[in-house]
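Here the protein sequences line up with chains E and C, keeping their order.
The first sequence begins at 1 in our numbering and counts up by one.
The second sequence begins at 1001 in our numbering and counts up by one.
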Amino acid sequence: MDPFISVTLAVFLPFLLALAVPAVEKLIKHRIGWFASFIALISFLLVISLVPLVIHGEHFQASVEWIPSMGIEYSIYVDGLSILFGIIITGIGIIIMSYSNGYMGLKEDLPRYYQWLLLFMGSMLGMVFAANTIMLFIFWELTSITSFMLIGYWRNKPESVYGATKSLLVTAAGGLFMLAGFIVLRSITGTFDIPAILQNETLIQTVQGHKLFLAALILIFIGAASKSAQGPFYIWLPNAMEAPTPVSAFLHSATMVKAGIYLVARVHPIFSGTEAWFILVSGTGIITMLVAGFLAFRQIDIKALLAYSTISQLAYIMTMYGYTTYQEPGIGVAAATFHLLNHATFKACLFLVAGIVAHEAATRDITRLGGLRHEMPITFIIATIGALSMAGVPPLNGFLSKEMFYESSIEMGHALGSPFTFIIPALAVAGGVFTFAYSIKFIAAIFLGKRPEKGLPSHIHDPSFVMIIPAAFLAGLIILFGLVPSIAVQNLVEPTASSIMMEAQHLHVKLWHGLTGSLVMTLITFLLGIAVYTRYDSIAEWQNSFNRKYPFISINYIYDGLVNNAKGTLKRFSSFMQPGPVKGYVLALLVLMIILFAIPFLKLSTGFIQTLNFNVEPYEFLVFFFMIVAAVGAAVLPKYLPAVISLSALGYLVSLLFIYLSAPDLALTQVLVETLSTIIFLLAIVKIPQTFKEHITPSLFTRDALIAVSVASVVFILLVNATQGIIPPFESLSYYFIEKAWPLAGGHNIVNVIIVDFRGYDTLGEISVMCLAALGVYNLIHSRGESE
Amino acid sequence: MTTVITKMITRICLPLVVLFSISLLLAGHNNPGGGFIGGVMFASIIALSYVVYGLETIKSSFSPDWGKWFGFGLVLAAFTAFAALPFGHNFFRSAVEFLHIPLIGEIELVSAALFDTGVYFVVIGSLLSIFQMVGEDK
Chain E
1 MDPFISVTLA VFLPFLLALA VPAVEKLIKH RIGWFASFIA LISFLLVISL VPLVIHGEHF
61 QASVEWIPSM GIEYSIYVDG LSILFGIIIT GIGIIIMSYS NGYMGLKEDL PRYYQWLLLF
121 MGSMLGMVFA ANTIMLFIFW ELTSITSFML IGYWRNKPES VYGATKSLLV TAAGGLFMLA
181 GFIVLRSITG TFDIPAILQN ETLIQTVQGH KLFLAALILI FIGAASKSAQ GPFYIWLPNA
241 MEAPTPVSAF LHSATMVKAG IYLVARVHPI FSGTEAWFIL VSGTGIITML VAGFLAFRQI
301 DIKALLAYST ISQLAYIMTM YGYTTYQEPG IGVAAATFHL LNHATFKACL FLVAGIVAHE
361 AATRDITRLG GLRHEMPITF IIATIGALSM AGVPPLNGFL SKEMFYESSI EMGHALGSPF
421 TFIIPALAVA GGVFTFAYSI KFIAAIFLGK RPEKGLPSHI HDPSFVMIIP AAFLAGLIIL
481 FGLVPSIAVQ NLVEPTASSI MMEAQHLHVK LWHGLTGSLV MTLITFLLGI AVYTRYDSIA
541 EWQNSFNRKY PFISINYIYD GLVNNAKGTL KRFSSFMQPG PVKGYVLALL VLMIILFAIP
601 FLKLSTGFIQ TLNFNVEPYE FLVFFFMIVA AVGAAVLPKY LPAVISLSAL GYLVSLLFIY
661 LSAPDLALTQ VLVETLSTII FLLAIVKIPQ TFKEHITPSL FTRDALIAVS VASVVFILLV
721 NATQGIIPPF ESLSYYFIEK AWPLAGGHNI VNVIIVDFRG YDTLGEISVM CLAALGVYNL
781 IHSRGESE
Chain C
1001 MTTVITKMIT RICLPLVVLF SISLLLAGHN NPGGGFIGGV MFASIIALSY VVYGLETIKS
1061 SFSPDWGKWF GFGLVLAAFT AFAALPFGHN FFRSAVEFLH IPLIGEIELV SAALFDTGVY
1121 FVVIGSLLSI FQMVGEDK
């Protein structure tokens, strides 16, 4: 199949079929999850079919015009990097959606769950295959929104709502920074197309020498860091653990949090090789790696522990991308890519284990778990494989990429020279030590030790095969990639690294490669890790006491302060802007209108029209007379009903005037709208007091009369000037429409042609507003009943 | 409001007005009329019958879900906007075609008329659902 069609199908099939999920659910009931897995399988096969296209580092691009005047296209770019992500997204997608069949209870709102999962998968695929930065941005924000919906899946839990809001605020705001960065990049390069920049050596040099280089880099990196929970933006990820566990495994360990990494890899050729790149990316990476690894100790929720470890592991990858400035760049990129793939396998596996444990033992609290190795032997083995891989123990895949991380850290130290020769490897080892300690803790807290006396269900057992098989499959991959790394390296890592580096890369990964510096570092890591593990609980206790003593030394503290402050301010603002009575709003509008219209006329002091040319027929005087009578009647009549009738009389008289002015469409509309609003008034009138109850004091009367007279004069002056006044005459737009209505749109009624054709897009917007108004009324009426 | 005279007039007017509103919709491209006006006309006569006969009486014999009407209208309008895309034309591109039918003569087919029909349904649906909700509200 044509690669363009394959990619488009892989991206949009999940979107389209997500719409069909509720209908299919009616047919196959709770087996709907398998339908979702099947869709993921189709996307997976479509992505796999593209692998031969890029296996030797080639790439493919195709596009369709979207908004050509702004250089915005639907444009896809297939290379090793996007294929690697595509395989991770769809592959883990199949595993997660199958696993969900066992995890999600039958009473849950399954269609909504699978719909959002599919929408997420589609958005994520769209993002990694996007060649146009604007398209990338749109899919990027779609992943934030779908993630928001999935974290808040249990919408009645306040923690879910808090976590969902936090993730949306942080990641969507980060996305806006990224958009700003893209626009800066466009102002430098003149294009939104990423490959166009990547393939143009001179353009990259222009970017790196440009005075806006730093601005573009920082803005785009803020986007990446917020999505991948790096630096101060890490705070959303632990709270995102309120999502159902399969969602956490899918979005918040394997795919969505890697979007930031993807972005860094995608723009790598543009920005890397500069000092700023190293300081920003590696600096943020190293700090995050250490802080998040350290903070994992005090977590008592197993999912929170995994969340901190995800942050820390992503920071490894970030750091390696940053290293490329000062070393042979291929190594860092390849190591980062390999670790990315390995992390997706072992972390998703551990999350699935966490889900199994929570599902069977009904708790995720490590202080209440323990000693489950006898009751859940299979889960225990799978968890051990996953955790040891995370800890970097041979012969699992985590060991290989951890070795590569150490190796590139040593090189990095050498490149920077003393004292960094020692400092950088030492920091890397420190990160590894934390990882080792909490990996062991994960196993020990759940499966080792003694089973707690109480708090756990009496019968705990391995779950059904629906949940075991996905986790076991991932565990199998961990071992496979560890023992035979060439499978993953040749088919996925090398093409990816080649596409990031824009030249062919070759990698030799072996389990045993002699007693190198990195192996020594690994041994040191294990020794120190065991030492730290023995002090695990006292470290956690120290962290807790520190947090109690200084609660304000925390980014969450700042976040909560900001959000609560914003809530209060907005509340005050909206109660000021919307005090209640409609009269206030009308008053504000009219006063503003007077000011806005009066200013230009006061400035144009050339004077008003000297001679007014009124050609008024006698019958028109009659109409005007009755209009005045009706208007006065509407204002002074003491009861609602007569006042309303008087007002509608005025409306009908206006439509009569339209007929004289040969505007039949307007007249017709006016009559109908007047009729309908009179009927609505009549309907409402039976429910309210029959007389106006507001007491009109003389001062109130003066004020209102003054405003009314001013509005009338402003409108009068405006009209006179518009028809025969001092505003210089300009060519009326109507001639264009009169001329073009028939040849272009095949219509003689120009008003209608404008509405449905020339300005069709406006009309579409207007009818959407009408629908929203109806839905708004529905909500107003129904929510009022609830609050009382 | 619920005198015999108004009831009688409403009853006689109802079919005429509905037909007229449809003719306004169809004639709209070349003569005064269009989806919006037709829709408002349709909505007013239904609203009038609600007021004259009482919401409950009408609903016992004729009670469509107006929410579906505006949903359908919006989808129809959006569909016509996108319909030109697969043929390689721009968003919102309209098409005009003339058909010669024996005995009847020439009929003009405009894709914009389909869009206008969407507008018609949105106007009817949203006005009447608001009307009905306000009317049912105690």
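Here a beta-carbon is modelled for each residue, glycine too, at the ideal position from N, C-alpha and C.
Fair warning: this is a prediction, and the values are worked out from it, not measured in the lab.
- Contact list for residue 771(E) against chain C, beta-carbon separation under 7 Å: 1070, 1074, 1122, 1126
- Item | Interface residues of the region 661–679 of chain E facing chain C [CB-CB below 7 Å] | 664, 665, 668, 669, 672, 673, 675, 676, 679
- Burial state of residue 692(E) (16 or more Cβ within 10 Å): exposed
- Item | Against chain E: residues of the region 1023–1034 of chain C by CB proximity under 9 Å | 1024, 1027, 1028, 1029, 1030, 1031, 1032, 1033, 1034
- With DSSP run on the structure shown, which of helix, strand or coil describes residue 248(E)? helix
- Query: With distances taken from CA atoms, which of 763(E), 593(E), 618(E), 676(E) is nearest residue 710(E)?
  - Reply: 593(E)
- Can you find a CB in chain C that lies within less than 8 Å of the CB of residue 788(E)? Unreliable positioning characterises residue 788(E) in this predicted model, as indicated by a pLDDT of 46, which lies under 50. The coordinate reading is nonetheless provided below. With 8 Å as the cut-off, residue 788(E) does not count as an interface residue toward chain C.
- Specify, as a first and last residue, the run of the beta strand (DSSP E) that residue 61(E) falls within. 60–67
- Task: Mind listing, in chain order, the continuous beta strand (DSSP E) runs of no fewer than 3 residues lying wholly within the region 262–346 of chain E?
- Result: none
- Three-state secondary structure (DSSP) at residue 407(E)? helix
- Please work out which residues of its chain come closer than 7 Å, Cβ to Cβ, to residue 464(E), disregarding the five sequence neighbours upstream and downstream, and give them in chain order. 102
- Cα separation between residue 420(E) and residue 414(E)? 7 Å
- Task: Go through its chain and collect everything with a Cβ distance to residue 193(E)'s Cβ below 7 Å, but skip five positions before and after it.
- Result: 75, 131, 132
- Query: Under 7 Å Cβ-Cβ, which residues of chain C neighbour residue 763(E)?
  - Reply: 1119
- Message: Whether or not the region 237–244 of chain E and the region 297–308 of chain E are in contact is what I'm after, with contact meaning three or more pairs of Cβ atoms, one per stretch, closer than 8 Å; do they touch?
- Response: yes
- Nearest to residue 522(E) by alpha carbon, out of 626(E), 431(E), 503(E), 684(E)? 431(E)
- Item | Enclosing beta strand (DSSP E) for residue 72(E) [first to last residue] | 72–78
- Message: Just checking: is the beta-carbon of residue 1135(C) within a distance shorter than 8 Å of some beta-carbon in chain A?
- Response: Note that chain A does not occur in the displayed structure, where the protein chains are E and C.
- Message: If contacts are defined as beta-carbon pairs under 8 Å, then residue 1130(C) and residue 1042(C) qualify, I think. What distance do you get, rounded to the angstrom?
- Response: Actually they are not in contact, since the Cβ atoms of residue 1130(C) and residue 1042(C) sit about 14 Å apart, beyond 8 Å.
- Task: Run the CB neighbour count on residue 157(E), radius 10 Å, all protein chains shown included, and call it buried at 16 or more, exposed below.
- Result: exposed
- Where the region 677–708 of chain E meets chain C: residues whose CB sits under 8 Å from a CB there: 679, 680, 682, 683, 684
- Query: Say the cut is 7 Å; is the CB of residue 45(E) nearer than that to a heavy atom of the ligand GTP?
  - Reply: The ligand GTP is not part of the structure shown, which contains no ligands of any sort.
- Message: For a contact defined as C-beta to C-beta under 7 Å, what are the partners of residue 1116(C) on chain E?
- Response: 756
- Can you grab the Cα-Cα spacing for the pair residue 755(E) / residue 585(E), in whole Å? 29 Å
- Secondary structure of residue 5(E), DSSP reduced to three states: helix
- Item | Bridge partner(s) assigned by DSSP for residue 560(E) | None; residue 560(E) has no bridge partner.
- Query: In three-state DSSP terms, what is residue 537(E)?
  - Reply: helix
- Answer yes if the region 162–182 of chain E comes into contact with the region 144–154 of chain E, meaning at least three C-beta pairs across the two stretches below 8 Å, and no otherwise. yes
- Task: Please confirm whether residue 380(E) and residue 436(E) have their CB atoms less than 8 Å apart.
- Result: no
- Message: In the DSSP output, which residue or residues are listed as bridge partners for residue 454(E)?
- Response: DSSP output for residue 454(E) lists no bridge partner at all.
- DSSP-derived helix/strand/coil call for residue 193(E): strand
- State yes or no: is the beta carbon of residue 14(E) nearer than 8 Å to at least one beta carbon in chain C? no
- What separation, rounded to the nearest whole angstrom, lies between the Cα atoms of residue 429(E) and residue 492(E)? 27 Å
- Item | Selection from 355(E), 494(E), 84(E), 580(E) that minimises the alpha carbon distance to residue 242(E) | 355(E)
- If you run the structure through DSSP and keep just helix, strand and coil, what is residue 693(E)? coil
- Query: Does the beta-carbon distance from residue 140(E) to residue 181(E) come in below 8 Å?
  - Reply: no
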